[in-house]
Structure formats: C-alpha cells, structure tokens
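Student:
2 protein chains.
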Amino acid sequence: MITQSTPFDKQEAILSAALRLFVEYGFHGTPTSKIASEAGVAHGTLFHYFKTKDELVITLYNSINANFRAYLSENATPATSIKDRFKNLFYYSVQWSLQYKNEFYFTQQFHFSPHFKQLGTEAEEMGQQSYLHRALYTEALQTNIFKPLPIELITSLCMSQLVGTYEYLINTNFPDDKQDEVIDKIIELTWAMFTQPEAI
Amino acid sequence: MITQSTPFDKQEAILSAALRLFVEYGFHGTPTSKIASEAGVAHGTLFHYFKTKDELVITLYNSINANFRAYLSENATPATSIKDRFKNLFYYSVQWSLQYKNEFYFTQQFHFSPHFKQLGTEAEEMGQQSYLHRALYTEALQTNIFKPLPIELITSLCMSQLVGTYEYLINTNFPDDKQDEVIDKIIELTWAMFTQPEAI
DNA sequence: ATCTTTATTGAGTGATTACTCAATCGACAC
DNA sequence: GTGTCGATTGAGTAATCACTCAATAAAGAT
C-alpha cells in the first residue's frame, strides 16, 4: 500500500501553514519556528524540505500559481466562441480568487514584495497569467474582435480588473447569486472595453 | 532667520530613507538602524521622532497619501465637463504614479500588508482614493452619464485600472509622448466602460 | 538480520533586532 | 554666566531569528 502520505503530507502541511501565517503576519513577520509548529512538525523538519525560508516562499508561490492554472483548465470550455471563453475565463478567475482568498491575497502580497523583483528564473512563470489567457487574447486580436491593442496592455488591464473585482466583492457581502450577477455585469463592462464597437 | 530646517529635515530624511529601503527590502526586511544611518542620523534619533517602527510606517503611508491628494488638487480643472475632469483625474493619477514610483509602489505594498488590515482609525483615509474621485463619480452617476453602478465598484475598478496602467507602462519603456498617447487611449477605454452608450 | 538511506527531532549558535537611556549638545531666556 | 529644555547621540539590552547538527527513528533493499 503505497500512500503518498508520509513524505508529502508534511511538506504540504508546511506550505499550508506558511500561507496562513504569511497572509496574517507577512513574510519576515512570521518565524520559521512558528510555521513548523503550526504545521505540526519539528523546526528542523522545515529545513529538511526547504533549504531556506526564501526557497519556501518561492515554492509556495509557484505551487499556488500551478493550482490556479489547473483550476482554470478544469473549467475551461475550449469549443465555444471567443466571447464565451473570455467570460468563462474571467468568471472562473474571480471564482478562484474568492474561493481561495488566502492564496489570491498572497500572490498579490508577493507581487509587491522584494522577492518578486529578484525572481527572474527562479519562479516558473511571472504573475498569474496562464497560457489560456494569452492564447485567447491573441485569437481575439487576430480576428479583430478586440480593438488593436498591445497584448501586454490587455493582459495588465485584465489582471487588474480581476483584482478590482476581488476587492469590491470582498468588501461587500453578497449572497452567491447576487455575487454571480455582479461578476457577469463586470465581465460585460470589461468585454465592452476591449471589443470593437459593433454595428447595429 | 527662522528656517524650518532643523526639526523637520531630520524627520523627513528618515521618512525618505525608510521609503527607499521599504521598497527595496520590505518592512520587516529593513532594520531601523539602517533607516537611521541612511538618513544620516543616529539610531536613537529615529525613536525620538517615531515611538515605534509601526508608527513610522503609518506616518509614511499617510504622508504619501496626502502628497498624492495635494498633487491631484494642484492639477484639478474644476470648471470643465465631467468627461474632461475624469480624464484629468485619471491622467494625473497615472502621472503621479510614474513620477513617484517608489511612493506608488509602497502604497501597493502597504495595501497588501498586515499593517493595512489593522489600520482602522489610525490611517487618515483608506486607499489612495481622494475626495475628488468620489465626488466626480457621484456627479457622473447622478447625471446619468455613468451606467447605474455601485460607486464602490466604480472606485475599485478605477483604482485597479490605475494599477494596471502603471504596471504596463513600467514594463515598457516608452518616451514621454508615446506614454501620454497610451494613457489617453486607456482613459478612453475606461471612460467607455463606465458610460452609457451614446446615441449617434 | 544487516546495511543504507532518508525522515525527524529539538537543543544549540551566532547574528540581528527593536527599543532604552544616561549623557551631551545647542539654542534661547533672563 | 546660569538655567532650561528639547534635540541628538550611540553603547547597551533582552529578545528573537534563521539555520545547524548530532542523534535517533523509520523504511527498504538484499
């Protein structure tokens, strides 16, 4: 009976505890000793899985990004129109940020931290932009559905639109159905922002 | 000859050094001793002006916000149309973020830090939203120029639109005139997002 | 059963931290 | 000159930190 429990559980327990504590106290504000005790392992065990505290943070960041990409892939609807795929992508991006608040908050925290600047090659990918996003924007540009804008600009604005949506919904406390309604509304606004005005 | 130099210069030197170091190393990552030495004062002097390191951070944040508001007020054009005021406000908000990169970056860093959560009454105002913004959005809503949307949503989306613009422009390296062109373009996109579709 | 390798522990270490405080300094009043 | 009071200093302190390491346990492999 080969369960992957023994070795992986502790590493994941450490990552999970680190996430909670980093969000609450910040990176330098949380001692490795506290991460270990919250994860239910000895202090030394942490350094068995992660050579340094910095390596732990970067692993955590990469792991969260991978989860986000996996979540979007699971919910992707590849065979539909560009608009539907855009709506789908934005909707599930928001859903993910609301369902994994700590994870999303941490990526934002990380994004404006000294770690992010010195990343370079260490992180697998920069930002939360997945391949899915870029491919979709490229297609929307090539088919003239989007206004002719630099793809980096579209990427930046979509990403910050996601952050803005998250922040708005966090501060209100809508029930799920009302929340979905608001997300749909914002998606329409965003879509209208990027697309060519249609002839009627 | 009463120059305001002696007492204020040191406090401002400390705040200025702290800003530089916080942006580079983060809050917990920069020792108070280094802030003091970079500011050219003795370590103890820092604690004469700021009781604790936390008080220093909060003072810094409030001071930056005040500067931002002052900058917008200076460049405000009160007697023009709503659209012109909107463009003006957005344009100078972006200009400020590009001219005071460290200040802007710090506010974002602060926004996603444990300090921000526990602010409550300590900070004068939350976020960088100035009175000017809210007043303008309210007017645009009342005159039906904006689509009927919650003002908090408009506020959130405008703020993140500013962040998105900042991030895009930071990563490109356009000359000033090209940069202004891009900002204008983004303003048009944003304006179109919020306003009622006009009859032609 | 023996060997090898890896996982786990927690006391220990040297460096660093935020903050204190008694001692000076400097400016101004009288 | 004497006194007063805030500004300034930097050595000192108690606490905390990331990380090490020698010892032990567990798990396989042969």
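Taken in order, these protein sequences are the chains called A and B. Those letters in the first sequence? Residues 1 to 200, by full-length UniProt numbering. Those letters in the second sequence? Residues 1 to 200, by full-length UniProt numbering. Note that the Cβ used here is the ideal one computed from N, Cα and C, for glycine as well. Quick caveat, the model's predicted, so the values are computed rather than measured.
Between B:Pro114 and chain A, is there a C-beta pair that is closer than 8 Å?
Tutor: Your numbering for residue 114 of chain B matches position 114 in the second sequence. Chain A contact via Cβ: present.
Student: Who are the near neighbours of B:Gln161 in its chain, counting only those whose CB is closer than 6 Å to its CB and skipping five residues on each side?
Tutor: Within the second sequence, numbered from 1, the residue matching residue 161 of chain B stands at position 161. The residues are Thr190.
Student: What residues of chain A sit near B:Gly26, judged by a beta carbon separation below 9 Å?
Tutor: Indexing the second sequence from 1 puts residue 26 of chain B at position 26. Those are Gly26, Phe27, His28, Ser113, Pro114, His115, listed as they occur along chain A.
Student: Kindly identify the DSSP beta-bridge partner or partners of A:Phe146.
Tutor: In the first sequence, residue 146 of chain A corresponds to position 146, counting from 1. DSSP output for A:Phe146 lists A:Thr195 as bridge partner(s).
Student: Is the region 164-171 of chain A touching the region 70-78 of chain A, taking contact as three or more C-beta pairs under 8 Å?
Tutor: The region 164-171 of chain A is not in contact with the region 70-78 of chain A.
Student: Could you check the C-alpha separation between A:Ile200 and B:Lys185 for me, to the nearest Å?
Tutor: Position 200 of the first sequence holds residue 200 of chain A. Position 185 of the second sequence holds residue 185 of chain B. Residue confidence for A:Ile200 is low, a pLDDT of 49 falling below 50, so the modelled location carries little weight; the figure read from the coordinates is stated next. The alpha-carbon atoms of A:Ile200 and B:Lys185 are separated by roughly 24 Å.
Student: Counting beta carbon pairs with one atom in the region 51-61 of chain A and one in the region 105-115 of chain A, are three or more of them shorter than 8 Å?
Tutor: With a cut-off of 8 Å, the region 51-61 of chain A and the region 105-115 of chain A count as touching, because enough Cβ pairs lie within range.
Student: Nearest-angstrom Cα distance between B:Tyr168 and A:Ala42?
Tutor: Counted from its first residue, the second sequence places residue 168 of chain B at position 168. Counted from its first residue, the first sequence places residue 42 of chain A at position 42. Using only the alpha carbons, I get a separation of about 44 Å.
Student: Using a cut-off of 8 Å between C-beta atoms, extract the partners of B:Tyr92 located in chain A.
Tutor: Position 92 of the second sequence, counted from the first residue, corresponds to residue 92 of chain B. Neighbours of B:Tyr92 on chain A: none; closest Cβ ~19 Å, over 8 Å.
Student: If you reduce the DSSP assignment to three classes, tell me which class B:Pro175 lands in.
Tutor: Indexing the second sequence from 1 puts residue 175 of chain B at position 175. Of the three classes helix, strand and coil, the one that applies to B:Pro175 here is coil, per DSSP.
Student: Using 8 Å as the limit for Cβ to Cβ distance, is B:Val41 near chain A?
Tutor: Taking the first residue of the second sequence as position 1, residue 41 of chain B is located at position 41. Judged by the 8 Å Cβ criterion, B:Val41 is not in contact with chain A.
Student: Can you list, in chain order, the residues of the region 145-159 of chain B whose Cβ is nearer than 9 Å to any Cβ on chain A?
Tutor: Within the region 145-159 of chain B, the qualifying residues are Lys147, Leu149, Pro150, Glu152, Leu153, Thr155, Ser156, Leu157, Cys158, Met159.
Student: Does the region 87-104 of chain A come within contact of the region 17-36 of chain B, defined as at least 3 CB pairs closer than 8 Å?
Tutor: No contact exists between the region 87-104 of chain A and the region 17-36 of chain B.
Student: List, in chain order, every chain B residue whose beta-carbon is nearer than 8 Å to that of A:Ala192.
Tutor: As a position in the first sequence, residue 192 of chain A is number 192, starting the count at 1. What A:Ala192 touches in chain B: Ala192, Met193.
Student: Which residues in the same chain as B:His28 place their Cβ atom closer than 8 Å to its Cβ, once the five residues preceding and following it in sequence are excluded?
Tutor: For this step, residue 28 of chain B is matched to residue 28 along the second sequence. If we look at B:His28 and ignore the five residues flanking it on each side, it has no Cβ neighbours.
Student: Does the distance from the C-beta atom of B:Ala36 to that of B:Leu46 stay below 8 Å?
Tutor: Mapped onto the second sequence, residue 36 of chain B falls at position 36. Mapped onto the second sequence, residue 46 of chain B falls at position 46. In this structure, B:Leu46 lies closer than 8 Å to B:Ala36 by Cβ.
Student: Counting beta carbon pairs with one atom in the region 136-146 of chain A and one in the region 77-88 of chain A, are three or more of them shorter than 8 Å?
Tutor: Enough Cβ pairs lie closer than 8 Å, so yes.
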